[in-house]
Structure formats: C-alpha cells, structure tokens
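Q: Input: one structure, supplied below.
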Amino acid sequence: MIPLSDIIHKLSKEEQIKFFNTVKKSGKNKVSKKAVLFKLILDKKINSKEIPKKIYGKENKVAYHQLRKRLFDELIQFIALERFNLEEEHILEITQLILAGKHLIESKNYTSGFKLLLKAEEKAIHENDTESLNEIYNLLIQFSHYNPDTELEKIIEKLEQNRVLMIEESNLNMAYATVKATFNSYHQKGIEPNLDEILKDVFTRFNISERSGNNFKTLYQLVQIVAANANVTKEFHRVVPFVLDRYSSINQQDEQNRYIFFHIKLLYFISNVLFREKRFEESNEFLDKMEALLHVNKSYQKVFATKILVLKSLNMNYLGENQKAQLIIEKALESKADTSKDHLDAMVVGSMIYFHQKNYKKITAIYSQLNSSDSWYIKKMGINWLMNKNLIEILTHIELENLDYVDSRLDSFLSKHEDYLAHDQRAKVYLHYLKISYNHPNKVQTEDFKSTFFNSVQKKPTLREDIYVLSFLAYLKAKMLGKETYETTLELVRGIS
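If you count by our numbering, then the sequence shown holds residues 3 to 499, one letter each, in order.
Following this line, the structure appears as structure tokens:
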C-alpha cells in the first residue's frame, strides 16, 4: 500500500488548503467523504486504524479502501497539475501544440494537425527543447503517410541530428552531477577545489566538446554548484571572476543567442553576485542587460519582474539612493495578496529600506501580512531569510520602545533556533549584545561595550563581509557612535571604518 499519509504531510500548507478545496464539494452542499478522509489523515493525532470508523461509523474495509484509492488518484492528479502549472510557460505552449496536433491528426483533421506540429517544431527549435523535438519528429514520421507534403528523408535526418544533441545533453547532465559530487567531496575533506581542472577532467571523461560544454545553459548549471557553496561560506568573490570570464567568452561566441531563458537567468545570477560583492553599479548594468533581453522576449517578463525590482532597489539603497530604492520596491509590493518567494523577498527588503528611513509604521504594516509560522517560512524561504525578517522586526520594535514585545520575540527566537545558532556563533553573540543595548542603553557608548563587542564578533575584511551581516552590525555601531543607522550602514559597506 502506498503511504498516502506521507504524500499528504509533505504537501505545503498552501497545497493542503488548495487540495482540500478541490475535494470538499459534494452533492447537496455536503462535504465529500474524500475531504473528510483527507482531514483525518492530516491530523497526526488520529491513529490510522480509527479512520474507517470515524467515516462510516463501523469497520467497512471495502468502502474505505475504495475511498482511499479515489483520494489517492485525485491527489496524484492534483500534484501533476500543480507541477504542470509551475513549468516554464514556453515549454507548456510547445506541449499543448504537440498534444493538440496529434489529436487533430488522429481525428482526421490532417491539415490543421500538421500545421500545429510544425508550429511546435519552430518553437522547440527556438527554445532548444530537444525532448519536444524528438516527440515532434517521431509524430511527423509516424503520420507521414497522411501528409503528401512530408519530406520523409529530411525529417529522419532532423530526428537523427536531434538525437545527437539529446545524447550531448545527457552527457552534460552526467558531467555536472559528477562535478557537483566531486566539488562536495573536496569540501568535506577541506580541500580547495580547482573548478577548471575538475571541469577539464569530467569533460574528457564524458566526451564533451568545448562547444557543447560552454553555453548559457551549461554555465548556469555550473554556477548553481559554485553558488551553493558560496551561499554557505559567503565567499562570493570566488565566484565572480569564474562566471564573468566564462560569460564573456560565451557571449562573444553565441551570435544566435541560444538558450535565451538560461541567458536571462544567468544575467540575474551575475547581477545578484555582484550585489553581494558590493559592486552595485555593475550589478545594475547586468540588470539593464537583462531588461533589454526581456524587452525582446516578453514571454519571460512576468517570471523576472519582481526579482529585478527587488535587486535594483537593494542596489539603489546601498548606493545611498534610499528614496529611489523606496519607489522601486513599492512597485514590487503592489500585489499584497501575493505569497510567492519573490514577493516575500520584496516584503523583507522593503522593511529594511523603510527601517533606514525610520518609517516604522510601514514596516509594521508589512509584518502584519506575514502571519505564517517560522517553520513554514524556513521551508519556503530558508533560514537566512527568516533571520533577516525576524531581526528587522526586533530592531523595529526596539526603536518603537516595545521592549516587552522585543524580549518575548527575542527569547522565542533564541529558543526555537538553538540548533542554528549553535552553528552561527556570530549571530548568537550579536543577539546577546543587542539585548544589552536596549536593556542597558547607557552601556552602549562605553569603551568596554565597544571593545568587547567587536572582539567577540569575528570580523572579516569589509569587502569579504556579507552585506546583510554588515547592515545589522551597522545598527549597533550607530548606537555606539550616536549616529544614524543608514549613514553608518553606507560607511561600513563602503569600507569606511
């Protein structure tokens, strides 16, 4: 028996609500038995053996197993549909054209069916979608006897050429999986990996040419591996030269601009890394390149619109243009009901920009919309996002002098995230001194407080320090110096001690 409860409990809170709403309706406004079963399985306090009696009032194994199967089938259909809806729009369009074309041909509407398949081919070539092309060419060959205009040999040649590309893609997938495993192995042993050497060895092993191994798609895959390590170590400076050199090389070679979607994603990645490296103007330049590509490829604009606004507002904020940053982030915050990752990012970035303006009313308005649990936010956004969110909230209420609330939130945070803080001593030390700063404000500007704080917080060179860490350090430093937080933040970011 497939563990239905495991599938249900691993759905997100949003997905659970959405699925319940799809199965709850029954005849005569009654809640369906499928919905009742779903809720019972969702309740971890209820023993699974008790469920049939709760539904039918007695042991009715036959009816229960039939009901369970109907719920399982609908759940699988729901998950598939959700995944389908999350797929990139251009891939969905190709799939729809293929399905519609095949249906029309099988319904003997040959002219329209073949037109749709040829349209799907055109779009799949544009997107370098070799899997869809494989399906299209096989269908064109399968039904070629229904189309007198079919050049069979030409289609067979296309299919064979496409198969070569599919094998190349398969080899690249194996190569990058191997690169990732090697990369992780080196880090576990404390060995600094030489990425160029690893790539050379792996490309040789899987017979990957320089041409096929260097394009926007493969570079994007590669930088995700490198970035995963940088997100932990915060050493983004190791990523920048590698990605910029390879990007420049590919950009010069790729006159046809293959893999446009990955090209756009890569531009965003570069811009984000440059922001982390405090190269804000360069980051904006890559955002401009990204917007130029999106202007030509409008179908991707929705995917990246909020991301661009959030990153651009951050760049402007740290360039000292706080008012401009506010205008940009407010465009990203327009959709208040949006719970996407990008919108949640915009909310926290917006709260930080407002904090630098001392606009605490705006921050509390944003936080009134963030009502989910810490565990839900960690699952959706990650622990670093949650740390930033909670710290900004705590600092805001310190400034509003809601100290009882601050104590409650801080104690709760320290208790809930004890395991995380055990691995991040700097955060733990920071929170300790933060508590002293608002409970004993007279101590903050003493030499003893200043020296013990900075000696306790291990400092990196300013250019290597994470920008978010600098922003929070700036708050306490401003208190020590009797200066404004935003002014002190800009000084720290610019490397002015």
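Each residue gets a CB set at the ideal place from its N, CA and C atoms; glycine is no exception.
Going by C-alpha distance, which of 276, 191, 164 and 208 is nearest residue 180?
A: 208
Q: Nearest to residue 10 by alpha carbon, out of 81, 315 and 188?
A: 81
Q: If you follow the alpha helix (DSSP H) that residue 54 is part of, which residue opens it and which one closes it?
A: 53-58
Q: Identify whether residue 350 lies in helix, strand or coil by the three-state DSSP scheme.
A: helix
Q: Would you kindly work out how many angstroms separate the C-alpha atoms of residue 321 and residue 471, rounded to a whole number?
A: 17 Å
Q: Roughly how many angstroms separate the alpha carbons of residue 193 and residue 183, rounded to a whole number?
A: 14 Å
Q: Under 6 Å Cβ to Cβ from residue 176, same chain only, skipping five residues before and after it: list those, please.
A: 208
Q: Cα separation between residue 89 and residue 304?
A: For residue 89, the predicted model reports a pLDDT of 48, less than 50, meaning its position is unreliable and no value from the coordinates is stated.
Q: Can you tell me which of the three DSSP states residue 241 falls into?
A: Coil, per DSSP.
Q: With DSSP as the reference, label residue 33 as helix, strand or coil.
A: strand
Q: On the DSSP letters alone, give me the boundaries of the alpha helix (DSSP H) that residue 427 sits inside.
A: Residue 427 -> alpha helix (DSSP H) spans 427-441.
Q: Name the two residues that bound the continuous alpha helix (DSSP H) containing residue 419.
A: Segment: none, residue 419 is in no alpha helix (DSSP H) and carries neither H nor E.
Q: Residues in its own chain within less than 7 Å of residue 282 by CB, not counting five upstream and five downstream?
A: Result list for residue 282: 317, 320 and 321, in chain order.
Q: Classify residue 59: buried if its beta carbon has 16 or more other beta carbons within 10 angstroms, exposed otherwise.
A: exposed
Q: I need the straight-line Cα distance from residue 241 to residue 409, nearest angstrom please.
A: 39 Å
Q: For residue 5, name the three-state secondary structure that DSSP assigns.
A: coil
Q: Throw me the rounded Cβ distance for the residue 440 and residue 400 pair, which I believe falls under 8 Å.
A: At roughly 5 Å, the Cβ-Cβ gap stays under 8 Å, so residue 440 and residue 400 are in contact.
Q: Measure from the alpha carbon of residue 426 to the alpha carbon of each residue in 389, 266, 480 and 220, then state which is nearest.
A: It is 389.
Q: Enumerated in chain order, which unbroken segments of the alpha helix (DSSP H) with a length of 4 residues or greater are wholly contained in the segment 268-312?
A: Runs of the alpha helix (DSSP H) inside the segment 268-312: 282-298.
Q: Could you give the uninterrupted runs of the beta strand (DSSP E) lying entirely in the segment 133-210, keeping only those of 3 residues or more?
A: none
Q: So, are the CB atoms of residue 95 and residue 46 less than 8 Å apart?
A: No; because the gap between Cβ atoms is not below 8 Å, this pair is not in contact.
Q: Considering only C-alpha positions, which residue in the set 385, 346, 359 and 386 is nearest to residue 368?
A: Out of 385, 346, 359 and 386, 346 has the C-alpha closest to the C-alpha of residue 368.
Q: Among the candidates 55, 100 and 21, whose CA atom is the shortest distance from the CA of residue 75?
A: 21
Q: Among 218, 452 and 278, which has the Cα closest to the Cα of residue 252?
A: 218
Q: With 16 other CB atoms within 10 Å as the buried threshold, where does residue 419 fall?
A: buried
Q: Answer yes or no: do residue 151 and residue 93 have a C-beta to C-beta separation smaller than 8 Å?
A: Not a contact, by the Cβ cut-off of 8 Å.
Q: I need the straight-line Cα distance from residue 263 to residue 195, nearest angstrom please.
A: 29 Å
Q: Give me the residue from 270, 278 and 376 with the minimum Cα distance to residue 296.
A: 270
Q: How big is the Cα-Cα spacing for residue 287 and residue 226?
A: 21 Å
Q: Can you tell me whether residue 328 is buried or exposed? The criterion is at least 16 other CB atoms within 10 Å of its CB, across all chains shown.
A: buried
Q: Identify whether residue 407 lies in helix, strand or coil by the three-state DSSP scheme.
A: Assignment of residue 407 by DSSP, reduced to helix, strand and coil, places it in the helix class.
Q: Please report whether the beta-carbon of residue 68 lies at a distance below 8 Å from any beta-carbon of chain C.
A: No chain C is present in this structure, which holds just one protein chain.
Q: Using DSSP with H/G/I as helix, E/B as strand and the rest coil, what is residue 344?
A: helix
Q: Taking the straight line between their C-alpha atoms, what separation do you get for residue 223 and residue 480?
A: Looking at the two C-alpha atoms, the distance is approximately 41 Å.
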